[in-house]
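One line per chain: the protein sequences are A and B, in this order. Per the working numbering, residue 879 is the first one in the first sequence, and the count goes up by one each step. Per the working numbering, residue 879 is the first one in the second sequence, and the count goes up by one each step.
Number of protein chains: 2
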Amino acid sequence: MVLFLIGLGLGDVRDVSVRALDVIRRAYKVYLESYTSILMQGTAAMVELYGRPVIEADRTFVEQGCEQMLTEAKEHEVCLLIVGDVFCATTHADIFVRAKQLGITVKTIHNAGIMTGVGCTGLELYRFGYTVTVPFFTDSWKPDSFYDRIAQNMRANMHTLVLLDIKVKEQSIENLMRGRQVFEPPRYMTVNRCLEQLLEVEETRKEGVLSADMMAVGVARVGTDTQHIAAGPLASLVDLDFGPPLHCVIIPSKSLSDMERAMLGLFPPRSYEPQPEVAAPAQAPAAPSQ
Amino acid sequence: MVLFLIGLGLGDVRDVSVRALDVIRRAYKVYLESYTSILMQGTAAMVELYGRPVIEADRTFVEQGCEQMLTEAKEHEVCLLIVGDVFCATTHADIFVRAKQLGITVKTIHNAGIMTGVGCTGLELYRFGYTVTVPFFTDSWKPDSFYDRIAQNMRANMHTLVLLDIKVKEQSIENLMRGRQVFEPPRYMTVNRCLEQLLEVEETRKEGVLSADMMAVGVARVGTDTQHIAAGPLASLVDLDFGPPLHCVIIPSKSLSDMERAMLGLFPPRSYEPQPEVAAPAQAPAAPSQ
């Protein structure tokens, strides 16, 4: 009948839209795409808000084609929840195409994604170029194609959004070989690790694209109450504590507008300090009658 | 006390988030930024959903610095609602900076923006470059800097999102000179007009950036139930009817991934046909108990 692809936004379970919540509450089944990103609050908070069970669609589920979900969507209204906006990962376009091929109606309910969320730094969204992802380097695997993309964006006077690697539901080589469904703890790359890797690549490539004194911006938990932004010379950010995930980095264009400068000036390079929880007022303040 | 900058998403009044709706319902005052974009359903639908009056902050209000709103936000919780995501226009960063300078706490609730919404076409979001805006040409005013930006994106193998001019609350020269607060009807550029202007610029510049047979994508009303997408040679889209606003255009990179091709193939060049309203089921279908 209908497959709803529903964006959940950036961090809070209550970022779901009013329209989406209605659909979720009446749907036959509710799946959560849980391997390209995560909502830090976890599924328990979702189940509580929705009043519905939430089925985690992990990597295996999605890579095996979501068969069961698509079969159900032929007869029923089925939701696939996706953290961020819906088409943030290729895998969701794949599901869209497969559903269409099966004659299933697909409806999309968009939500906030990181690519417009980073507007919170004040950097103009229209000036962002190619978005890159920095993977966790290992001793033997240090892919650096992002370096060329950042260089390209810089030459064209564009900002670069740098997304950071996420490892969820990864298996150790031993568990993989033994076929054991035992997963490593999730790992989320920090701003610090990303910046270290950027400088490491510059060390190797020596093309002068990146440097310790160039402007960089570290951003954590965009759109949540604990959002933290720090802007300054790259070296000044390397040792800052940005707090819990998710983090991302922006390498701004060398030329900034006055407004961009004014905004970045609001976020000096300092570490995240958790704020004590502020108790909500027992009663909402009266609104003017007007 | 707190200024909330709240994104409304792309089209439906019920795209507001659950968290934002709570804030709006308890806020001292609710302003709507109504000159950089619009929610097609209008403010009446908002007032009904929110149960609160909504004050339209037009160009004059915003350009005069939103004084009243900021003064109120010193003492109360005040909302500024913004269509799309919050930092989609420079003017919102300006309000953010001014509020911070006045010592006001600013909280942002993000929502879907057009820049990730266009992921619905299947074109990979990370491959988009500089975003351009095409203004309404007049006989004597035909600014074409977007042409160079599209060329630059193409060379770097990036897609270009082309946003289309919106004229709301414009005054005729006569009314402006006479100081009459009489406004022209709003005008929204169509895909058709945009493509014609693109070809007109190519005619003048003759640098081979754009052509009638290159791939283009027209998109209307992203994220709504009447969303319409058509992809094909630019000339095949020029005369299509995309229906009511808002429209935008994408000039894809020359090289597309298999998935991008598969997605665009789902949107052949044809006109929008309004669907008859489907009555909602009287009762929601039963959900499985599991």
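Don't be surprised by glycine CBs; every beta carbon is placed ideally from N, CA and C. All figures in this text were calculated on a predicted structure; none of them were measured in a lab.
When the Cβ atoms of the stretch 1138–1153 of chain A are set against those of the stretch 1103–1112 of chain A, are three or more pairs found closer than 8 Å?
-> With the rule of 3 Cβ pairs closer than 8 Å, the stretch 1138–1153 of chain A counts as touching the stretch 1103–1112 of chain A.
* Ignore the nearest five residues each way along the sequence and tell me which others in H1125 (chain B)'s own chain have a CB closer than 6 Å to its CB. => If we look at H1125 (chain B) and ignore the five residues flanking it on each side, its Cβ neighbours are L1042, T1068, V1069, A1098.
Handout entry: Rounded C-alpha distance that separates V1100 (chain B) from D1022 (chain A)
Key = In this structure, the alpha-carbon of V1100 (chain B) lies about 35 Å from that of D1022 (chain A).
Q.
Just verifying my parser: in three-state terms, what is the DSSP assignment at G887 (chain A)?
A. Note: G887 (chain A) maps to strand in three-state DSSP.
Fill in: Within-8 Å CB hit, D893 (chain A) to chain C
No chain C appears in the structure shown, which is made up of the protein chains A and B.
Strictly by DSSP, which residues pair up with R1065 (chain A)?
Paired residues: A:K1045.
Review point. When the cut-off is 8 Å and only beta carbons count, does L958 (chain B) lie next to chain A?
Key: Chain A, which has no Cβ nearer than 8 Å to the Cβ of L958 (chain B), makes this no.
Using only CA atoms, which one of B:R1056, B:F1024, B:R1033, B:P1122 lies nearest to L1076 (chain B)? Residue B:F1024 is the option with its Cα nearest to L1076 (chain B).
query: Closer than 8 Å, CB to CB, is R1148 (chain B) near chain A or not?
result: Chain A, which has no Cβ nearer than 8 Å to the Cβ of R1148 (chain B), makes this no.
Check: In chain order, what residues of the same chain lie with their CB nearer than 6 Å to the CB of F1120 (chain A), ignoring the 5 residues before and after it?
Finding: Excluding positions up to five away in sequence, the list reads V1069, G1096, A1098, H1106, Y1150.
> Along chain B, in chain order, which residues have C-beta atoms closer than 8 Å to that of C966 (chain A)?
Replying inline: Within 8 Å Cβ-Cβ: T994, G997, L1003.
*Between V925 (chain A) and R976 (chain A), what straight-line distance do the alpha-carbon atoms span, to the nearest angstrom?*
Taking the CA atoms as reference points, V925 (chain A) sits about 28 Å from R976 (chain A).
Inset, instruction - Kindly indicate which three-state DSSP category T1011 (chain A) falls into: helix, strand or coil? - result: Reduced to three states, the DSSP call for T1011 (chain A) is strand.
* Can you give me the Cβ contacts of P1064 (chain A) inside the same chain, cut-off strictly under 7 Å, excluding the 5 residues immediately before and after it? => Its chain contains K1045, V1046 as the residues whose beta carbon lies nearer than 7 Å to that of P1064 (chain A), once the 5 sequence neighbours on both sides are disregarded; these appear in chain order.
From the DSSP output, which residues share a beta bridge with T994 (chain B)?
In the DSSP output, where bridge partners are listed per residue, T994 (chain B) has none listed.
Q. Which class does L881 (chain A) belong to by DSSP, given the choice of helix, strand or coil?
A. Judged by DSSP in its simplified three-state form, L881 (chain A) adopts strand.
Going straight from the alpha carbon of M879 (chain B) to that of F1006 (chain B), what length do you get?
-> Take the alpha-carbon of M879 (chain B) and the one of F1006 (chain B): they are about 38 Å apart.
Handout entry: Residue burial classification, E941 (chain A) (beta-carbon count within 10 angstroms, cutoff 16)
Key = Only exposed fits E941 (chain A), as fewer than 16 other CB atoms lie within 10 angstroms of its CB.
Quiz prompt | Anticipated Cβ contact below 8 Å, L948 (chain A) with L917 (chain A), distance rounded | solution = Between L917 (chain A) and L948 (chain A) the Cβ distance is about 23 Å, and since that is not below 8 Å, they are no contact.
Assign C1072 (chain A) to one of two classes, buried (16 or more other C-beta atoms within 10 Å of its C-beta) or exposed (fewer than that). In summary, C1072 (chain A) is buried, with 16 or more beta-carbon neighbours lying within 10 Å of its beta-carbon over all protein chains present.
Inset, instruction - May I ask you to report which of helix, strand or coil DSSP gives V985 (chain A)? - result: Here residue 985 (chain A) turns out to be Lys, not Val, going by the sequence shown. The answer is strand: DSSP assigns K985 (chain A) an E or B state.
Whole-angstrom C-beta distance between L888 (chain B) and G962 (chain B), which should lie under 8 Å: Right, their Cβ atoms sit about 6 Å apart.
Would A990 (chain B) and N989 (chain A) be called neighbours here (beta carbons separated by less than 8 Å)?
Between A990 (chain B) and N989 (chain A), the gap from beta carbon to beta carbon is short of 8 Å.
- Going along the chain, which residues of its own chain have a beta-carbon closer than 7 Å to the beta-carbon of C1154 (chain A), five neighbours each way excluded? Cys is not the amino acid found at residue 1154 (chain A); the sequence shown has Pro there. The beta carbon of P1154 (chain A) lies closer than 7 Å to none in the same chain, with the five residues before and after it left out.
Pick helix, strand or coil for V1116 (chain A), following the three-state DSSP scheme. It is coil, neither helix nor strand.
**Study point:** Three-state secondary structure (DSSP) of G920 (chain B)
**Key:** Coil at G920 (chain B), not helix or strand.
| Mapping DSSP to helix, strand and coil, what is E1085 (chain A)? | DSSP places E1085 (chain A) in coil when its eight states are reduced to three.
Endpoints, the beta strand (DSSP E) within which V896 (chain B) is located = Counting along the chain, V896 (chain B) sits inside no beta strand (DSSP E); it lies in the alpha helix (DSSP H) bounded by residues 896–904.
- What separation, rounded to the nearest whole angstrom, lies between the Cα atoms of K952 (chain A) and A905 (chain B)? Their backbone Cα atoms lie some 43 Å apart in a straight line.
Which class does E926 (chain B) belong to by DSSP, given the choice of helix, strand or coil?
-> Note: E926 (chain B) maps to helix in three-state DSSP.
**OP:** Assign I960 (chain A) to buried or exposed, taking buried as 16 or more other Cβ atoms, counted over all protein chains shown, within 10 Å of its Cβ.
**Re:** Its Cβ being crowded by 16 or more others within 10 Å, I960 (chain A) is buried.
| Under 8 Å Cβ-Cβ, which residues of chain A neighbour D1136 (chain B)? | Within chain A, no residue comes near D1136 (chain B); the closest Cβ sits about 10 Å away, beyond 8 Å.
* Determine the contact status of L958 (chain B) and I884 (chain B), defining contact as a CB-CB distance below 8 Å. => Closer than 8 Å, so yes.
When DSSP labels each residue in this structure, what does V1079 (chain A) get in the three-state scheme?
-> Correct three-state label for V1079 (chain A): helix.
Would you say D1026 (chain A) reaches chain B, if we count a Cβ-Cβ gap shorter than 8 Å as a contact?
-> D1026 (chain A) does not count as touching chain B.
So what's G1096 (chain A) in DSSP terms, helix, strand or just coil? Note: G1096 (chain A) maps to strand in three-state DSSP.
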